[in-house]
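This report concerns only the one structure given below.
In this note's numbering, the protein residues as written are 22 to 203.
Set out below in structure tokens:
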């Protein structure tokens, strides 16, 4: 099979969203309950991002309180005795930067696919995982704002994409409900 025929086969195999409605008959086959359920699921998806930000803010407040409490300097000596020397701040900054850039690329990449965005709880955990590292390696708390703003920026960006998607989808579902009423 030549390259041209292979590309034609790939293009033909892609499902098209509009043909799914034609295959099921029409929009009339949708019930009002199905549309209402879809709208409720969209609302749940948009609220999940808010809960994730509340969780991240709670974890941030706990990390800030821990770093300001003086516990890390006492625990740092014990931790160094157990695992050896702690990583340098420069290494942590490098890892945070690479992690942040990778997450940004993934978030923007998911947005570009125009698919239904998902929200998973690891989206909150990944930025928050840097708090313990910085709490023990930076006992002065100098880098807390950097870690906080990096995580918050990613969560806000992802949540804004989810909100844009859900607002558009809810509008479409509401229009579908109006057509069902006619």
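Using N, Cα and C, we set each Cβ at its ideal position, and we do this for glycine too.
Within this structure, are the beta carbons of residue i and residue j separated by less than 9 angstroms?
i: residue 114; j: residue 150; result: no
i: residue 53; j: residue 183; result: no
i: residue 124; j: residue 147; result: yes
i: residue 177; j: residue 121; result: no
i: residue 187; j: residue 63; result: yes
i: residue 77; j: residue 145; result: yes
i: residue 98; j: residue 165; result: no
i: residue 101; j: residue 138; result: no
i: residue 112; j: residue 171; result: no
i: residue 197; j: residue 56; result: yes
If you run the structure through DSSP and keep just helix, strand and coil, what is residue i?
i: residue 195; result: helix
i: residue 155; result: helix
i: residue 150; result: coil
i: residue 121; result: helix
i: residue 141; result: coil
i: residue 181; result: helix
i: residue 164; result: coil
i: residue 46; result: Note that residue 46 scores a pLDDT of 39, beneath 50, so its modelled location is shaky and nothing firm can be said.
What does a CB cutoff of less than 7 angstroms around residue i pick up in its chain, not counting 5 residues either side in sequence?
i: residue 45; result: For residue 45, the predicted model reports a pLDDT of 39, less than 50, meaning its position is unreliable; a value from the coordinates is still stated below. Nothing meets the Cβ criterion.
i: residue 67; result: 183, 184, 187
i: residue 162; result: 88, 89
i: residue 59; result: 194
i: residue 190; result: 63
i: residue 103; result: none
i: residue 143; result: none
Whose C-beta lies closer than 6 angstroms to the C-beta of residue i among residues of the same chain, with five residues either side of it excluded?
i: residue 61; result: none
i: residue 169; result: 81
i: residue 173; result: none
Report yes if the C-beta of residue i is less than 8 angstroms from at least one heavy atom of the ligand MG; otherwise report no.
i: residue 163; result: This structure simply doesn't include the ligand MG, nor any ligand for that matter.
Note down, in chain order, each residue of its chain lying with its Cβ closer than 8 angstroms to the Cβ of residue i, except the 5 sequence neighbours on either side.
i: residue 109; result: 158
i: residue 107; result: 97, 100, 101, 157, 158
i: residue 128; result: 175, 178, 179, 182
- Task: Any chance you could list the alpha helix (DSSP H) runs of at least 4 consecutive residues sitting entirely within the region 56-112, in chain order?
- Result: 92-104
- Per the contact definition of three or more C-beta pairs closer than 8 angstroms, is the region 154-162 in contact with the region 64-83? no
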